[in-house]
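Protein chains in written order, with this note's numbering: chain E, 1 to 92; chain W, 101 to 192; chain L, 201 to 292; chain Y, 301 to 392. We put the beta carbon where it would ideally sit given N, CA and C, even for glycine.
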DNA sequence: CTGCCATTTTACCGGC
DNA sequence: GCCGGTAAAATGGCAG
């Protein structure tokens, strides 16, 4: 039954069962997440806004900052920095 | 302390921290998942096929059959199924 | 005019405007695509199946066959193919 | 050949051909886009940064602003506004 | 030519 | 029950 066509059925089965196990854990977690949001909502919070806040907090943690220098060079070249006339004005 | 606009900051804070905690756990799990696939790949398995297998195992068997049937109906309607011609050829 | 840091703002501006123009055209096309699917759905077609069909038509036929074969090999290795038992049953 | 199992093969074919036609146009556009980026790169621009700029310009055009009031209420409740002690400090 | 990353597409979930 | 938005999967381009 196993080791057909040169692949190890047992090895494959182990990988797949491992994946399925991890996915089950993940589903549990996501259910917990939904529960938290549901409870928050039930006491009057706006879930959509909560998600925005969480996203903001996540973004802040990211580097982002690194390439901003280079970005500023290009912005300056484009006149997108405050001190220059901006591309946006032309677009408007 | 910060109950502004009728919202309890502390309560909201707790919800958000709970969410962020759960999301972190989820990220860990997903990293584990990636690792499993990476290892499977490194020993020669085809990750894409593995995912198809896992998806099939997740679906209810009746749904699998139903979808395959529908696909065949559409194929037939478009003449993509060789069945008819080949039947003719066999009959000839 | 704004050649700061050795970068030509005008040249960059032209590139970016060209990109934005092309992306706008692309957005129009994608909206058209959505409309087509929506209309197909409104007259009773299953959009998901339609997309499967389109993907199949895009693939080279040999690749389709190859992938199906590989899938069957994996299924066999996992005992997901009824073929063998049913053959035995038929022999019995 | 058509109208098997109660679906109209011709109708389906028309939908699908329309989709494939639109997708071809889209592929052409995307190739043009790649060409623009390639040329920009060839004269020394950083494609990644260009894409960031384009993304920024896109975001500015979006509303975004609407729900920011409500968002601020929550931020205030969380102490995320300048005048209050922030969640971030606690996280740090 | 292989692995990585970004983009795109698909599937899911909650809301109306 | 459909639609919208959001998260996951897959595809494709790019660099090394």
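Helix, strand or coil at residue i according to DSSP, with G and I counted as helix
i                      : result
residue 109 of chain W : helix
residue 208 of chain W : Residue 208 of chain W is absent from the model: chain W starts at 101 and stops at 192.
residue 160 of chain W : coil
residue 50 of chain E  : helix
residue 280 of chain L : coil
residue 118 of chain W : helix
residue 135 of chain W : helix
residue 328 of chain Y : helix
residue 172 of chain W : helix
residue 3 of chain E   : coil
For residue j and residue i, the rounded distance between their alpha carbons
i                      : j                      : result
residue 55 of chain E  : residue 21 of chain E  : 28 Å
residue 227 of chain L : residue 326 of chain Y : 9 Å
residue 135 of chain W : residue 16 of chain E  : 12 Å
residue 166 of chain W : residue 245 of chain L : 15 Å
residue 303 of chain Y : residue 371 of chain Y : 54 Å
residue 219 of chain L : residue 358 of chain Y : 12 Å
residue 269 of chain L : residue 42 of chain E  : 51 Å
residue 282 of chain L : residue 51 of chain E  : 47 Å
residue 232 of chain L : residue 279 of chain L : 45 Å
residue 223 of chain L : residue 349 of chain Y : 17 Å
residue 307 of chain Y : residue 7 of chain E   : 42 Å
Spatial neighbours of residue i in its chain, beta-carbon cut-off 6 Å, leaving aside the 5 residues before and after
i                      : result
residue 237 of chain L : 247
residue 361 of chain Y : none
residue 187 of chain W : Since pLDDT at residue 187 of chain W reaches only 49, below the 50 mark, its modelled position is unreliable, and no value is offered.
Sub-8 Å separation of residue i and residue j beta-carbons
i                      : j                      : result
residue 329 of chain Y : residue 214 of chain L : no
residue 312 of chain Y : residue 140 of chain W : no
residue 275 of chain L : residue 153 of chain W : yes
Same chain, Cβ closer than 8 Å to residue i, five either side skipped, listed in chain order
i                      : result
residue 264 of chain L : 256
Distance cut-off 7 Å: residue i Cβ against heavy atoms of the ligand GTP
i                      : result
residue 119 of chain W : Annotation note on the ligand GTP: not contained in the displayed structure, which lists no ligands.
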